[in-house]
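Here is the structure we will look at, set down as structure tokens.
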Amino acid sequence: FRAPDVVEVAPVYTRYAASVVAGTHAASPQVQGVTPAYFRVRHWKAVVGDLFTDTEIVGRSRVVLLGQTVVEQLFPDGQYPVGQTIKINQVPFRVMGVMEAKGGGGFGDEDNVIFVPLSTAQTRLFSASARTRSGDNKVSVIYVQASSDKRMDKAIEQMADILRERHGISFRDEDDFSIISQADILSVFGDITGALTIFLGAIAGISLLVGGIGIMNIMLVSVTERTREIGLRKAVGAKRGDILTQFLVEAMVLSLIGGGIGIGLGQSGSLLIARLIEDFTPVMSLDAVLLATTFSAAVGLFFGLYPAWRASRLNPIDALRYE
Numbered sequence: 031f032r033a034p035d036v037v038e039v040a041p042v043y044t045r046y047a048a049s050v051v052a053g054t055h056a057a058s059p060q061v062q063g064v065t066p067a068y069f070r071v072r073h074w075k076a077v078v079g080d081l082f083t084d085t086e087i088v089g090r091s092r093v094v095l096l097g098q099t100v101v102e103q104l105f106p107d108g109q110y111p112v113g114q115t116i117k118i119n120q121v122p123f124r125v126m127g128v129m130e131a132k133g134g135g136g137f138g139d140e141d142n143v144i145f146v147p148l149s150t151a152q153t154r155l156f157s158a159s160a161r162t163r164s165g166d167n168k169v170s171v172i173y174v175q176a177s178s179d180k181r182m183d184k185a186i187e188q189m190a191d192i193l194r195e196r197h198g199i200s201f202r203d204e205d206d207f208s209i210i211s212q213a214d215i216l217s218v219f220g221d222i223t224g225a226l227t228i229f230l231g232a233i234a235g236i237s238l239l240v241g242g243i244g245i246m247n248i249m250l251v252s253v254t255e256r257t258r259e260i261g262l263r264k265a266v267g268a269k270r271g272d273i274l275t276q277f278l279v280e281a282m283v284l285s286l287i288g289g290g291i292g293i294g295l296g297q298s299g300s301l302l303i304a305r306l307i308e309d310f311t312p313v314m315s316l317d318a319v320l321l322a323t324t325f326s327a328a329v330g331l332f333f334g335l336y337p338a339w340r341a342s343r344l345n346p347i348d349a350l351r352y353e
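FYI, in the working numbering the residues of the sequence shown are 31 to 353.
Spelled out as structure tokens, the structure:
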């Protein structure tokens, strides 16, 4: 009643087990004590077997749900896991189900996890560490589902008021807890990706500048070495625009060749990484290729402009006498 914008509340107690074995096979997963609400909040289903119910929570049952990675480690021979017995810290548990695959991420493999009833984790598995000094059960995190994304801020306010009251926090004192919404997480990731984008953009800009200066130097040397050629072309009727166009095209071609080599190296590198990383499929889009090609041509055009202008301004008489 005090938090009408809260739909589900799922407390979780997380620990790493010293040993998880099934026969002769062992694994090192994360063990999470959860309630049935956890799977509804996280939208996580079992592909084999059943999820926990309130019966397992009340009975402190020694049953587990295994992530896909744990199944592969404990039952590598393809043995049907449901109904089998595994031991967590020497305590036997019956496998009740197997969770659907979630995949890995920047914070680890989400499938490398074992779920046990929260009451079992607090009283039978990690009883020594799952209690506060006053003897109360403690949890690692509480997942909360709001009624809608538009009511998320109100739900946070309601939760904060309840927690502050239960923790005995006075009006001006700071919270001894933190509430993090998905919007906050997305904002943090957005800041990180934005910083990375700026950093990589700066590196790309410096690379383009260095490459462009290299192209300009090559073209200036080319103009110097071909001074007599330029004078001869002008003597037989070539105009300044013709000379300018010739050297601009040469600079752009030189730049496009470098861009093509860069695209090829990038594609080769992504294919090499795909061989080293399982379930990684690189995709090179046409837009990325066109963008790289356009930038290469633009760099050649910009940095080739001065050498081409210098070549077009040569006096044909002085150019023909140049040695």
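Cβ atoms here follow ideal geometry from the backbone N, Cα and C, with glycine treated the same way.
When C-alpha distances from Q103 are compared across T54, D191, R305 and F123, the shortest belongs to T54.
Judged by their CB atoms, V143 and V100 are nearer to each other than the 8 Å cut-off. Judged by DSSP secondary structure, K184 falls within the alpha helix (DSSP H) whose first and last residues are M182 to R196. Around the beta carbon of K75, fewer than 16 other beta carbons lie within 10 angstroms, which makes this residue exposed.
Of the candidates G231, V125, D348 and V71, V125 places its Cα closest to the Cα of R92.
The beta-bridge partner set that DSSP reports for I116 consists of F123. Judged by DSSP secondary structure, P346 falls outside any beta strand (DSSP E) and instead within the alpha helix (DSSP H) spanning P346 to L350.
The beta-carbon separation of V174 and V36, rounded to 6 Å, stays under the 8 Å limit for a contact. Straight across, the Cα-Cα distance linking L295 with V253 is about 30 Å. Every unbroken stretch of the alpha helix (DSSP H) spanning 4 or more residues and falling wholly within the segment 254-331 is given here in chain order: 257-265 and 270-306. Contact between M249 and F277 holds: their C-beta atoms lie close to 6 Å from each other, under 8 Å.
Under the DSSP assignment, E102 falls in the alpha helix (DSSP H) whose first and last residues are Q98 to L104.
Closest in C-alpha terms to T65, from the list R256, R340, L81 and V77, comes L81.
Cα atoms of F333 and T323: separation of roughly 16 Å, rounded to the nearest angstrom. DSSP places P337 within a helical segment (H, G or I) once states are collapsed to three. With a beta-carbon spacing of about 10 Å, D191 and I199 fall beyond the 8 Å limit used to define contacts. Looking at the backbone, the Cα of A48 and that of V39 are separated by about 29 Å. For P66, the three-state secondary structure derived from DSSP is helix. Under DSSP, E38 forms a beta bridge with Q175.
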